[in-house]
Structure formats: structure tokens, C-alpha cells
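The numbers in full-length UniProt numbering rise by one with no breaks, and the one at position 156 of the sequence shown is 156. C-beta atoms are modelled at their ideal positions from N, C-alpha and C, and glycine is treated no differently. For clarity, every value in this text was computed on a predicted model and none was experimentally measured.
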Amino acid sequence: MLSLPIAARAADGAVVSTGQAVDGQGGGLGINDAIRAGEAKRGTSLSTGSAGPLSPRPEYAKYPVYTGTLGDKPVRLRVAPKTDTRDSLQGEYSIGDGKSVRLLSGEWEDGSFLMEESDDGTRVSGNWEGQIDQQGVVRGTWTDALNPAIILPFVIRPLGGFLVIPPFDNRQGSGATYAPPSPKSSISTEKPR
């Protein structure tokens, strides 16, 4: 039995995989053109404008504060270590003097820092990726999860002297603080005698 490939078609009848219109008239929509058209319809406005409809969580009110900038906007983060995961944090942040917040969840290892945010509490709306310096300042880039072409620089630093994100200094004898070691298991690996 002979099987022929079936061309994928867009809602307007265009053959998406080749860009040819069904009626042969041309003006079809290739996959790259479809992606560009979708991005154009969404626009390129920054989603860092006003945060989603989330209100600050009362349990985060006493978390240590980090301040800084995301692009050209001031940000204020309230973050604390996660209780169930080593080298990680959770919290929220606001943009400017906004009353709404975005939720945060992040981790670090060997001076690298990764964090996700959510503006609605269910989906990822942005990704933070950076490096931690000797003072615990984190510098890097924020990427819009909905439009990865939007990338902004960020700098955040601890306020009030309490470091949630430990400084990283790989020089021997630097005295930099690091997260505590993982707990030791109470299960013995020795064989009974």
C-alpha cells in the first residue's frame, strides 16, 4: 500500500509545511511566517509592566528582602530558603511600587543562579539566570517565558545584611559562606558482623 504525506493546513487553508496556498494562488503561510505572525499579534510589550493579579502572601511578609533592577524597573524581592530542598529559595517580588506580586522559586549551585517566576500562580512567566558574586549580589538576564525574544538584564542584592543567596568565591580560604551540608543518613551501609 502506498502512503502519501498529508500537508498540514492552517485555519485559513494554507499549507503550513510548504507555504503554498491550497488554491495554488500563492500567499501561503510557511511555519516560520506563522511563528512571526503569532509573535506580531502578541506584540513585544514587556510583561514586566504590571504584575499579575496576585496579592502579597502574608507568610512571605517577614522574608529577607533583596532589591535591585530588572531592565530599567526597580524590583523588591522577599525570599527565604525552601524548607524541603537544599540550595533553593522561594518568595515573591514586586515591580516598582506595584501592589501585585509574582511568585518565585529558585536554586543555586557553584555560583550559578536559576529562578522561575509566575504571574498567575500556575504557569511560568519568566526565567532568571545569573551569577552570584563574592558579596551575594546576583547579576544576569531575565527572559520572558511567553516571548523568549524579550531578555532584560537584572541585578539584585541583599538588603539589611541577611543573605539568602550565599556569596560564591572559589578562592581557597576565602571565608565565603555556603549552604549547610546535606543531612547525614541514619541508615548504616556497614554489613552486620
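Consider the C-beta atom of residue i and the heavy atoms of the ligand NAD; say whether any pair is separated by less than 8 Å.
i     : result
GLU92 : Absence of the ligand NAD from the depicted structure is noted, as is the absence of any ligand whatsoever, leaving it without description.
For residue i, list the residues DSSP reports as bridge partners.
i     : result
SER94 : ARG76
PRO81 : LEU89
GLY68 : VAL75 and ILE156
Given this structure, state the Cα-to-Cα distance separating residue i from residue j, to the nearest angstrom.
i           : j      : result
VAL22       : ASP120 : With a pLDDT of 43 at VAL22, under the threshold of 50, the modelled position of that residue is not reliable, and the figure given next carries that caveat. Using only the alpha carbons, I get a separation of about 40 Å.
LEU89       : VAL101 : 16 Å
SER112      : VAL79  : 17 Å
VAL65       : ALA149 : 29 Å
LEU163      : ARG157 : 9 Å
THR141      : GLU129 : 6 Å
ASN127      : PRO58  : 24 Å
ARG123      : ASN147 : 14 Å
PRO81       : GLY71  : 25 Å
ASP97       : MET115 : 22 Å
SER45       : ILE95  : With a pLDDT of 44 at SER45, under the threshold of 50, the modelled position of this residue cannot be trusted, and the question is left open.
GLU109      : THR83  : 17 Å
ARG139      : PHE154 : 6 Å
ASP169      : THR143 : 26 Å
ALA61       : VAL137 : 22 Å
ILE151      : TYR93  : 18 Å
residue 272 : ARG86  : In the structure as shown, the chain begins at 1 and stops at 193. Residue 272 is therefore absent and cannot be evaluated.
GLY27       : PRO56  : The pLDDT assigned to GLY27 is 46, lower than 50, so where the model puts this residue is not dependable; a value taken from the coordinates is nonetheless given after this. Using only the alpha carbons, I get a separation of about 49 Å.
With residue i and residue j assumed to form a contact (beta carbons below 8 Å), what rounded beta-carbon distance in angstroms separates them?
i      : j      : result
LEU159 : THR69  : With a Cβ gap of about 13 Å, LEU159 and THR69 do not count as contacting.
LEU54  : LEU103 : 7 Å
TYR63  : GLY91  : 5 Å
Every unbroken beta strand (DSSP E) inside the region 96–164 [3 residues or more]: 102–109, 112–118, 126–132, 138–144 and 151–159
Sufficient close CB pairs (3 or more, under 8 Å) joining the region 72–90 to the region 122–140: no
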